[in-house]
Amino acid sequence: MISEAELVERLAPMVEERVRYKVVRSIIDTLEEQCYPPEEMFREEFIKRVEAAEKNAMAGKSKHCTYDEFRKEFLHGGG
11 MISEAELVER LAPMVEERVR YKVVRSIIDT LEEQCYPPEE MFREEFIKRV
61 EAAEKNAMAG KSKHCTYDEF RKEFLHGGG
C-alpha cells in the first residue's frame, strides 16, 4: 500500500502542471480577447474582400502590393 506522503509526492507535480496550464491558458485567452477583435466584429464586406483575394490567389491571379496599398485596399474600403 502506498503511503500518503508518497501519493502526494507523485500527484503534486501533475496537479502543479495542470494548474499552471489552466493559468497560462486563461492569460492567453484574456490577451487574445484584448488584442484580436472577435470574428463578429469584422465587417462582412471586409470578409468578402479577403475571401475574393484568397480565391484569386488560389487561381494564380494574385498581385503584389506595398503595405500601404494593402491597407488602402483592405482596411479602408478599397474595391
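Each residue of the sequence shown is one higher than the one before, starting from 11 at the first, in our numbering. Glycine included, C-beta positions come from ideal geometry on N, C-alpha and C.
* May I ask which residues mark the beginning and end of the alpha helix (DSSP H) holding Cys45? => Glu14 to Cys45
* Arg59, DSSP secondary structure in three states -> helix
* Round the Cβ separation of Val60 and Phe84 to the nearest angstrom and send it over; I've been treating them as touching at under 8 Å. => 7 Å
* Asked: Which residues mark the beginning and the end of the alpha helix (DSSP H) in which Phe80 is found?
  -> Tyr77 to Phe80
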